[in-house]
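Everything below concerns the one structure shown next.
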Amino acid sequence: MSVAVQADDRVVLKVGSVWQKTSEEIIPLIDTALNEAGLSPHDLDAIVISEGPGSFTALRIGFSTAKGLCFALEKPLVAVGTLDAIAASVAHDVESETIVSLIYSKADEFYVGIASRNTLIYQAFTTDEPSVKKTYLTISELEERLGKGTDAVVVGRVAERWRDVLNEKFHWKDATQFSAQTLLGLGEEKLRRKRFTALETAEPFYIKQFEAKTSERKFFG
Amino acid sequence: MNILALETSCDETSAAVLKHGKVASNIISSQLAHQAFGGVVPEIASREHERLVVSVAAAALSEANIRKSELDFIAATSGPGLIGAVLVGLNFAQSLAFALKKPFVPVNHIEAHIFSTFVDDGTHEPARIPAFPFVSLTVSGGHTMLALVQDDLTYRVVGRTIDDAAGEAFDKTGKMLGLGYPAGPLMDKLAKQGNAKFHRFPQALLSEDNFNFSFSGLKTSVQTFLRDKPEPFVQAHLADICASIQDAITSVLVTKTLAAAKCFKVNTVSVAGGVSANSELRRKFQVACAAKNLALHIPRPIFSTDNAAMIATLAHLKLQRGLASPNDYNVGAFAVFTPPS
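Protein chains in written order, with the working numbering: chain A, 261 to 481; chain B, 458 to 798.
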């Protein structure tokens, strides 16, 4: 979890300690970032949130907090795709035409974004066309999708145990640059074009529909 | 003192405004999405809360005819409850409080139930507020607890269920009868036409020298009872079976509560939580308390189900007594109720 505040040309970035503390740390972190930027909540023009995919609970902590700020301050909410932001964070540092962004889900399954580098650099977020195709794949499904000898760069932030696996199979790159700061530029572009997310309906982009078994157990009838 | 409170601990998204201690609005959005699953699905509950939280809070402010700038405190349930569900209301409320520069008051959901008989919606006289000390029965789908409550808002848990909650016993046995979820209200309705003496289901722990409850044996007993009964028989006696189950659950709740009142020598009994809306439970308590000359307090059903007015009310009671400690909007959520030591 990270919080970035943009005050004119200056950016203050604050990073949380451990994921288990996200809920307790998020508002104090916002407070610290604002203080260091010399701002008060009322000075903010908009709140940018990474809309997911990712951990369902983590996404909701972000959304609930962002909504509380927007609702209190009566300022717009701007949602930026997390896979889009991860891909954009490396677009200027890689050569390959295709950039694949990954977010770990569970088992060997990942949320996957597939984008063309040129689109990310020259067109991303200036049109309403989705610039990143999003899906949900296992590692072997991703291998199949990209094909043998692909020059696609696969980028993300993953746990140690996945790094070796991904390194072996793909042109892997750690998204070390990705943080809330990445969202600022993309969010600003959306803000400029007034692509706000309505507070009353804003929800994380889960990708996965939640599946629960319907109740079939009945003693009678 | 104006308070906005949020409650999202289970499957009700609720926001309420309290103006000078009186309920000015109490919006409750009950999630119907769980019915197909025969119980509350935590992930669905969390998603629904996230979807609705702004609309519900906005509705509470608008119905109370109050501006955000006129609020003095923001309160929210911090637990116990479904952790993912609690987090939505808790983070929203703390963030709102931070941005409005108002103090945030976390509220324990179970304690809010205990004090829900203090909710003042302007329809009753102050004399109807329970006199301290009193014995409180909190009885819902997730909790069954007897507490001895003192006038400094402290309480001692004197009895709890050792397995299922009473509301769970209603819902699970109702499910066995094919009543759908939640079964409690329908069982209450059906039981009105039934004979409670049709079958005697077990009333557990009545002879024990404590105030604990147990409802898992009842569940098994209903299952065993139904096993060899042909469906036409069950259908023909559905009301009788419902009345018999309801009688077993409500009898033990009333007996234990009155025994606790006698043991701790209090003159007042308070019953709260979703199951306190059960008409037979209310009737039995009225009869028993009248016979023992005990004052009985049961909130209106709208304040006995999960609702934000009771969260705001406990925040108000604590603030009045200087019991709300300041925080830096860093209050964490918790899932499990821990009795005060």
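Note that CB positions come from ideal geometry on N, CA and C, so glycine has one too.
Taking 8 Å as the threshold, the shortest C-beta distance from Pro301 of chain A to chain B falls below it. Under the rule that a run must span 3 or more residues, the beta strand (DSSP E) segments found entirely inside the stretch 593 to 640 of chain B read 601 to 606 and 612 to 617. Per DSSP, Phe655 of chain B lies in no alpha helix (DSSP H) segment and is marked neither H nor E. The shortest CA-to-CA distance from Glu334 of chain A to any of A:Lys274, A:Pro301 and A:Leu444 is the one to A:Pro301. Our two residues, Thr707 of chain B and Met633 of chain B, have alpha carbons roughly 19 Å apart in a direct line. In chain order, Asp578 and Ala766 place their CB closer than 6 Å to the CB of Val480 of chain B, counting only its own chain and leaving out the 5 sequence neighbours on each side. When Cβ-Cβ separations below 8 Å define contact, Lys327 of chain A makes contact with chain B. Per the coordinates, the alpha-carbon of Ala264 of chain A lies some 11 Å from the alpha-carbon of Glu296 of chain A. A check of alpha carbon separations from Ala729 of chain B across B:Leu753, B:Lys722, B:Val744 and B:Cys720 identifies B:Leu753 as the nearest.
Beta-carbon to beta-carbon, Gly631 of chain B and Gly641 of chain B are separated by about 7 Å, close enough to satisfy the 8 Å threshold.
With respect to chain B, the C-beta atom of Ala332 of chain A has a partner C-beta closer than 8 Å. Neighbours of Asp291 of chain A in chain B, taken as residues at a C-beta separation under 8 Å, are given in chain order as Phe555, Asp785 and Tyr786. Contact annotation: the stretch 419 to 427 of chain A does not touch the stretch 273 to 293 of chain A, with fewer than three C-beta pairs closer than 8 Å. Think of a sphere of 9 Å around the beta carbon of Val545 of chain B: the chain A residues whose beta carbon falls inside it are Arg320, Ile321, Phe323 and Ser324, in chain order.
Between Pro587 of chain B and Thr574 of chain B, the CB-CB gap stays under 8 Å. Taking 7 Å as the Cβ-Cβ cut-off, the stretch 637 to 657 of chain B has no residue approaching chain A.
Along the length of the stretch 492 to 540 of chain B, whole alpha helix (DSSP H) runs at least 4 residues long occupy 499 to 520, reported in chain order. Three or more beta-carbon pairs separated by less than 8 Å are not found between the stretch 547 to 556 of chain B and the stretch 564 to 574 of chain B, which leaves the two stretches without contact. Within 10 angstroms of the beta-carbon of Gly409 of chain A lie fewer than 16 other beta-carbons, which makes it exposed. For Trp432 of chain A, there is no enclosing alpha helix (DSSP H); the enclosing beta strand (DSSP E) covers residues His431 to Asp434. Collapsing the DSSP output to three states places Lys479 of chain B in a strand. Apart from sequence neighbours up to five positions away, the residues of its chain that approach Gln743 of chain B with a beta-carbon distance below 8 Å are Leu753, ordered along the chain.
Using a Cβ distance threshold of 8 Å, Thr398 of chain A and Glu420 of chain A do not count as a contacting pair. Inclusion of Leu362 of chain A and Val415 of chain A in the CB contact set at 8 Å is warranted, their separation being smaller than that value.
Gln703 of chain B has its alpha-carbon roughly 13 Å from the corresponding atom of Ser733 of chain B.
For the pair Leu663 of chain B and Thr712 of chain B, the CB atoms are nearer than the 8 Å cut-off. Here Tyr786 of chain B is near Ile287 of chain A, since their CB atoms are less than 8 Å apart.
Taking 8 Å as the CB threshold, Glu520 of chain B stays off the interface with chain A. Here Thr580 of chain B carries a coil assignment [DSSP, helix/strand/coil].
Judged by their CB atoms, Pro563 of chain B and Ser535 of chain B are nearer to each other than the 8 Å cut-off. The three-state secondary structure of Gln777 of chain B, taken from DSSP, is helix. For Pro288 of chain A, the nearest beta carbon of chain B is closer than 8 Å to its own beta carbon. What Thr342 of chain A touches in chain B, judged by beta-carbon distance under 9 Å, is nothing: the nearest beta carbon there is about 16 Å away.
Assigned with DSSP and collapsed to three states, Leu319 of chain A falls in helix.
The beta carbon of Lys274 of chain A lies closer than 7 Å to those of Ser262, Val263, Leu289, Thr292 and Ala293 in the same chain, with the five residues before and after it left out.
Within the same chain, Cβ atoms closer than 8 Å to the Cβ of Ala716 of chain B are found at Phe668, the five residues on either side in sequence being excluded.
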